[in-house]
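What follows is one structure encoded as structure tokens, with my remarks underneath.
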Amino acid sequence: MADSDGITVAPLRSLDDYLMESARFQVPNFKDTDKWGNRVIQNLLYYQTNYFLTYFVVFTVVGIIHPTKMFCGMTAVGIAFGLFYYLTNNKQPAVDFKKSHPILSLIILVLGVYFIVYLLGSVVVFLMGILLPIMVIFAHASMRLRNLKNKLMNKVEYLGFKRTPMGVILDALGLEQDFLM
Numbered sequence: 051m052a053d054s055d056g057i058t059v060a061p062l063r064s065l066d067d068y069l070m071e072s073a074r075f076q077v078p079n080f081k082d083t084d085k086w087g088n089r090v091i092q093n094l095l096y097y098q099t100n101y102f103l104t105y106f107v108v109f110t111v112v113g114i115i116h117p118t119k120m121f122c123g124m125t126a127v128g129i130a131f132g133l134f135y136y137l138t139n140n141k142q143p144a145v146d147f148k149k150s151h152p153i154l155s156l157i158i159l160v161l162g163v164y165f166i167v168y169l170l171g172s173v174v175v176f177l178m179g180i181l182l183p184i185m186v187i188f189a190h191a192s193m194r195l196r197n198l199k200n201k202l203m204n205k206v207e208y209l210g211f212k213r214t215p216m217g218v219i220l221d222a223l224g225l226e227q228d229f230l231m
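If you count the sequence shown from 1, position 59 lands on 109 in the numbering used here, and the numbers rise without skipping.
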């Protein structure tokens, strides 16, 4: 499948190749961080569709196990980011409100802190829903040994024949070119 930007969605790798019988796993050599980083980057590129699916499944499972906490955590984080964005971009109205209504500002601050502390458990569940899939993906990418097909497909993408979503993400983070050279 090709996108209008020239981005191609990588194929979904078989479960046998991803996890089961033909998959080979080994604990990485933590002393050789370049080799370990290269393995992670190469596996992120090769199994990217499987990783996106894994992320979605684990996030959904956490959401199903704790739906109320997940919703409250998303709401609290969304409100916190919205307030942070508003206050950092509209400093003058906030300063004016604080000067003209100091008691009300203090009450709003105390209620806001109470709200965040009250919802802290929900925020932790939401953050676990975000971070647990990332940890699972990183563990798989760190321990999965590469095969010949993996190496060949990554070289094809690197040479510019294919652009994939994970390649774009890694390129934006400045990681891909460091490890593929």
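Note that beta-carbon positions come from the ideal geometry of N, C-alpha and C, so glycine has one too.
Here the C-alpha atom of R196 lies approximately 10 Å from the C-alpha atom of L202. Judged by beta-carbon spacing, P183 lies beyond the 8 Å limit of T99, meaning their Cβ atoms are not closer than that value. Beta-carbon to beta-carbon, I166 and A130 are separated by about 7 Å, close enough to satisfy the 8 Å threshold. An exposed status is given to I153, since fewer than 16 other beta-carbon atoms sit within 10 Å of its beta-carbon. Ranking N200, R213, A189, V108 by CA distance to the CA of V77 puts A189 first. By the Cβ neighbour-count rule, V160 is exposed, with fewer than 16 other Cβ atoms within 10 Å of its own. By alpha-carbon distance to L177, the top candidate from K148, L62, H116, L223 is H116.
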